[in-house]
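Heads up: the sequence lines are chains A and B, in that order. Residues 1 to 178 in UniProt numbering are what the first sequence spells out, letter by letter. Residues 1 to 178 in UniProt numbering are what the second sequence spells out, letter by letter. Here a beta-carbon is modelled for each residue, glycine too, at the ideal position from N, C-alpha and C. One structure is given here, and the rest of the page talks about it.
2 protein chains.
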Amino acid sequence: MPTPTPAHQAAQDGAPAAAAAGPSLGLSWSLVALLREWSTRVDAATEELPQGMRGYQVLRVVVHDSPPTQAALAARLGIDRTVMTYLIDSYVECGLVERQQDPADRRARRIVATAHGRKVLAGVDVRVAAAEEDLLSGLPPEDRVLFRELLERAARGVTQDDDPCGVVARATTPPDGR
Amino acid sequence: MPTPTPAHQAAQDGAPAAAAAGPSLGLSWSLVALLREWSTRVDAATEELPQGMRGYQVLRVVVHDSPPTQAALAARLGIDRTVMTYLIDSYVECGLVERQQDPADRRARRIVATAHGRKVLAGVDVRVAAAEEDLLSGLPPEDRVLFRELLERAARGVTQDDDPCGVVARATTPPDGR
DNA sequence: TGATATCGTCTGTAGCACAGATGATTTCGT
DNA sequence: ACGAAATCATCTGTGCTACAGACGATATCA
Numbered sequence: 001m002p003t004p005t006p007a008h009q010a011a012q013d014g015a016p017a018a019a020a021a022g023p024s025l026g027l028s029w030s031l032v033a034l035l036r037e038w039s040t041r042v043d044a045a046t047e048e049l050p051q052g053m054r055g056y057q058v059l060r061v062v063v064h065d066s067p068p069t070q071a072a073l074a075a076r077l078g079i080d081r082t083v084m085t086y087l088i089d090s091y092v093e094c095g096l097v098e099r100q101q102d103p104a105d106r107r108a109r110r111i112v113a114t115a116h117g118r119k120v121l122a123g124v125d126v127r128v129a130a131a132e133e134d135l136l137s138g139l140p141p142e143d144r145v146l147f148r149e150l151l152e153r154a155a156r157g158v159t160q161d162d163d164p165c166g167v168v169a170r171a172t173t174p175p176d177g178r
Numbered sequence: 001m002p003t004p005t006p007a008h009q010a011a012q013d014g015a016p017a018a019a020a021a022g023p024s025l026g027l028s029w030s031l032v033a034l035l036r037e038w039s040t041r042v043d044a045a046t047e048e049l050p051q052g053m054r055g056y057q058v059l060r061v062v063v064h065d066s067p068p069t070q071a072a073l074a075a076r077l078g079i080d081r082t083v084m085t086y087l088i089d090s091y092v093e094c095g096l097v098e099r100q101q102d103p104a105d106r107r108a109r110r111i112v113a114t115a116h117g118r119k120v121l122a123g124v125d126v127r128v129a130a131a132e133e134d135l136l137s138g139l140p141p142e143d144r145v146l147f148r149e150l151l152e153r154a155a156r157g158v159t160q161d162d163d164p165c166g167v168v169a170r171a172t173t174p175p176d177g178r
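Pasting the structure below:
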């Protein structure tokens, strides 16, 4: 419905500078705005889960990838280990996942989803998908698919995908201090 | 960066992408991952500014749009008013912006960038642009442009497009349930 | 066996957002 | 013109969250 025209129009009182600079609002603003909206919608869709979208991501990874350790799980999502501890605590409390002793390494706890956890995840997945589709309502359907693919590939490019250490390194590297 | 895979054609019929490379990362993961990377890179590019990317966004809006009040500025970026106060404090302290009494409404402070502020912003803009381009290095150049456009249009769609009041309304509206 | 590294947890600290109250000023109603 | 209500920016206090560091438990290596 919105016109496919290059979306930047001068604001109210004489601000053509933005248009002159090229992209009207910039990648920064778009990313932030979109993520903010996404956050509120997904939070609403996952309100039955602890920790909102954060926990949703964790549960999702646990079910689909089941990393061997909590640390690996945390690194996968760019979360601190200590955070992962109480994040999983709340999930155990709700009976969505379990901590199992890894017989091969008794230091490690293997995080596995319960049947209930998987069932809940399936339900939330549906609602999240709906929320995401709603989020992209500004785009025509075929552009949504395209956008998803581009986004995923861009994300894959920066996380180096097959090198999990890359994620860890970048996540734990201090911002060069000053 | 390896192969600039075809984006436009693959997307058009169905969604084979998910099956192709690791399933279910989904829009959620992509968005989060991309934003995390973006955040670290932009933070690095804006380390000379207070408040990191947050302040960068503010300075940017101040220079280009110069909203009449702090509240309007805050609403524009989805930031709380009280946060905006000390955020601007730090910018005033660095001599990047000034608070000027609005003669028409003496309650309001008009936030204007100093010459120094504009100069610094210009420098940072260049570095941020480079960081953003680097962020999209996983996409072939023509797809980057496309991605930017789609992203911006999607973001515009959720922010009520040309109705700035919509942003305010949504920002202050409670999650409205479900 | 002892030294060192890893895993998960716990503790303390710092930063940040948000609600509410406050003082200053404008606008509206009568 | 006068007072009530709204608005702007600020300040204060509270709660949540992340992160650094220390700690036991276990594994690995010399």
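Can a CB atom of chain B be found closer than 8 Å to the CB of residue i?
{"i": "A/E48", "result": "no"}
{"i": "A/D143", "result": "yes"}
{"i": "A/P23", "result": "Unreliable positioning characterises A/P23 in this predicted model, as indicated by a pLDDT of 41, which lies under 50. The coordinate reading is nonetheless provided below. Cβ-Cβ to chain B under 8 Å: yes for A/P23."}
{"i": "A/Q57", "result": "yes"}
{"i": "A/G123", "result": "no"}
{"i": "A/S66", "result": "no"}
{"i": "A/L96", "result": "no"}
{"i": "A/A104", "result": "no"}
In chain A, which residues lie less than 7 Å from residue i when you measure between Cβ atoms?
{"i": "B/S90", "result": "Neighbours of B/S90 on chain A: none; closest Cβ ~16 Å, over 7 Å."}
{"i": "B/R110", "result": "Simply none; closest approach about 13 Å."}
{"i": "B/G78", "result": "R36"}
{"i": "B/E93", "result": "Those do not exist, as B/E93 stays about 17 Å from chain A at its closest Cβ, beyond 7 Å."}
Is there a Cβ of chain A sitting closer than 8 Å to that of residue i, yes or no?
{"i": "B/R156", "result": "yes"}
{"i": "B/P174", "result": "Here the model assigns B/P174 a pLDDT of 36, short of 50, so the residue's position is not dependable and the matter cannot be decided."}
{"i": "B/Q70", "result": "no"}
{"i": "B/R107", "result": "no"}
Could you list which residues in chain B have their beta carbon closer than 7 Å to that of residue i, in chain order?
{"i": "residue 183 of chain A", "result": "Any question about residue 183 of chain A goes unanswered here, given that chain A covers just 1 to 178."}
{"i": "A/A74", "result": "Within 7 Å Cβ-Cβ: nothing; A/A74 doesn't reach chain B, min ~13 Å."}
{"i": "A/R148", "result": "L27"}
{"i": "A/G138", "result": "R153, A154, R156, G157, V158"}
Please list the partners that residue i has in chain A, where partner means a Cβ-to-Cβ separation under 8 Å.
{"i": "B/V128", "result": "S28"}
{"i": "B/V42", "result": "S28"}
What residues from chain B crowd round residue i, counting only those whose CB sits closer than 8 Å?
{"i": "A/V120", "result": "Within chain B, no residue comes near A/V120; the closest Cβ sits about 16 Å away, beyond 8 Å."}
List, in chain order, every chain B residue whose beta-carbon is nearer than 9 Å to that of residue i.
{"i": "A/L87", "result": "Chain B residues near A/L87: none, gap ~15 Å exceeds 9 Å."}
{"i": "A/A113", "result": "Those do not exist, as A/A113 stays about 14 Å from chain B at its closest Cβ, beyond 9 Å."}
Taking three-plus beta-carbon pairs below 8 Å as touching, is the stretch 141-148 of chain A in contact with the stretch 136-156 of chain B?
yes
Would the stretch 31-49 of chain A count as touching the stretch 120-136 of chain A if we require 3 or more Cβ pairs under 8 Å?
yes
On the three-pair Cβ rule with 8 Å, is the stretch 58-76 of chain A touching the stretch 100-119 of chain A?
yes
Runs of beta strand (DSSP E) lying entirely within the UniProt domain "HTH marR-type" (24-156) of chain B, each at least 3 residues, in chain order:
97-101, 109-113
With a cut-off of 8 Å, do at least 3 Cβ pairs link the stretch 82-98 of chain B to the stretch 115-131 of chain B?
yes
The stretch 53-60 of chain A in contact with the stretch 84-94 of chain A per 3-pair CB rule at 8 Å
yes
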